[in-house]
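Numbering (my numbering), first residue to last: 78 to 464. For each residue, glycine too, the CB sits at the ideal point set by N, CA and C. Okay, structure first, notes after.
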Ligand code: PMP
Ligand code: GLU
């Protein structure tokens, strides 16, 4: 009964685990939840006020399917300010979250059997979204020991006549990777030489701990589809606003698809795009970003004291991806990463996401989007378990 297309799609591992933990919490269990993939902060007040004003002032109807013109203009201003590229509203499609932006961008670019290069560890939804577009995800392994560096040689080793494009995600989920300007330039050059498109998911763009990121969109805006949104950088996961910025023909295709698929993203949420992006340096946001940097430092220090685990220092986002493979198997603390995550939950009430869903079997993802006191307790528990 269920179509071939959907029959094999895995549910999102992160969302499934999060739902399960919320149920456990509702049933009275006290969990240190290091699995969450969203800021623990409420949406800043200045954005909530903008939404209230919008509701009372007519932002209650359909907008253009690709997004309200004022919201798209604000995204153009933001892209020019942060990526140094001038774009027009006709190059912007606003969707109901970056996940929908990614899905529709892939559906618009991928033909059946096209191969898409996907650096691993990758965010859980990429392989499924590529498959949904009838493409084939081809993973390109990176390692914590090399700070998850991705080079043209690594990409070249997986290149075939069917390769159509590459997915990049910086700052990265689950590794927090932020590449150097030279490494991004080399990847863009590789894409140009082999005539590949690039999808650059920059949803964590505001959460940078050690310095600026380098967007491939700045180097070749005709080849790169830039994906971002309000979810992470503005603590607005529930508002469902994401966008694709790309060359006009592709934006037109994505807009056509969205006009049949779902129409415009929530109008009240769209009303917050300009207030949020135009005040991206608001003190409330700066405070949130600096707290995330402090938490990153706390986690790195705590985990550095455990022997036999490896991770690269995350330059952005709010995750640390820890390679625990040396501690697994015979003589180790658990059989595999799933077993380790289960035992951490049952014995220490600490929730983490096992690595297999990110294409990295011997690893676990820890989120530090939790208050410092909880992170300290969690580190103690993890040190006791792995110590
Ligand atoms: N890309 C990455 C790398 C993510 O971690 C997430 C988190 N859900 C998304 C895209 C999707 O974001 P949104 O909530 O805006 O759909
Ligand atoms: N992106 C977040 C995470 O990785 C939220 C969950 C999801 O959308 O998969 O945990």
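Query	Result
Contact between the region 418-426 and the region 227-243 (3+ Cβ pairs under 8 Å)	no
Beta carbon nearer than 6 Å to a non-hydrogen atom of the ligand PMP	114, 174, 175, 176, 200, 246, 250, 278, 280, 306, 308, 314, 319
Beta-carbon separation (whole angstroms), residue 212 vs residue 236, contact threshold 8 Å	At roughly 15 Å, the Cβ-Cβ gap does not stay under 8 Å, so residue 212 and residue 236 are not in contact.
Other residues of its chain near residue 232: CB distance less than 8 Å, five sequence neighbours each side excluded	194, 217, 243, 264, 267
Minimum C-alpha distance to residue 207 - residue among 190, 223, 221, 220	190
Continuous alpha helix (DSSP H) assignments of at least 4 residues falling wholly in the region 395-431	414-425
Counted within 10 angstroms of its Cβ, other Cβ atoms place residue 92 as buried (16 or more) or exposed	exposed
Rounded distance between the beta-carbons of residue 200 and residue 248, thought under 8 Å	With 8 Å as the limit, residue 248 and residue 200 do not qualify as a contact, their Cβ atoms being about 11 Å apart.
Near the ligand GLU: residue 91 beta-carbon under 6 Å from a heavy atom	yes
DSSP state of residue 442 mapped onto helix, strand, coil	strand
Close beta carbons around residue 162, own chain, < 8 Å, minus the five adjacent residues each side	156, 294, 295, 298
Segments of 3+ residues assigned as beta strand (DSSP E) that fall wholly inside the region 280-364	301-306, 319-322
Best match in 449, 145, 348, 311 for proximity to residue 477 [C-alpha to C-alpha]	Outside the shown range of the chain, which is 78 to 464, sits residue 477, and nothing can be said about it.
Cβ neighbour criterion (16 or more within 10 Å) applied to residue 166	buried
Which listed residue (325, 311, 277, 289) has its alpha carbon closest to that of residue 304	277
Span of the alpha helix (DSSP H) around residue 230	229-233
With 16 other Cβ atoms within 10 Å as the buried cut-off, status of residue 400	buried
Residue from 430, 408, 453, 459 with nearest C-alpha to residue 424	459
Member of 454, 323, 409 whose CA lies at the smallest distance from the CA of residue 164	323
Rounded straight-line distance, which links the Cα of residue 104 to that of residue 275	44 Å
Bridge-paired residues (DSSP) for residue 172	319
Where residue 379 falls: helix, strand or coil (DSSP)	helix
Residue 260: first and last residue of the uninterrupted alpha helix (DSSP H) it sits in	258-270
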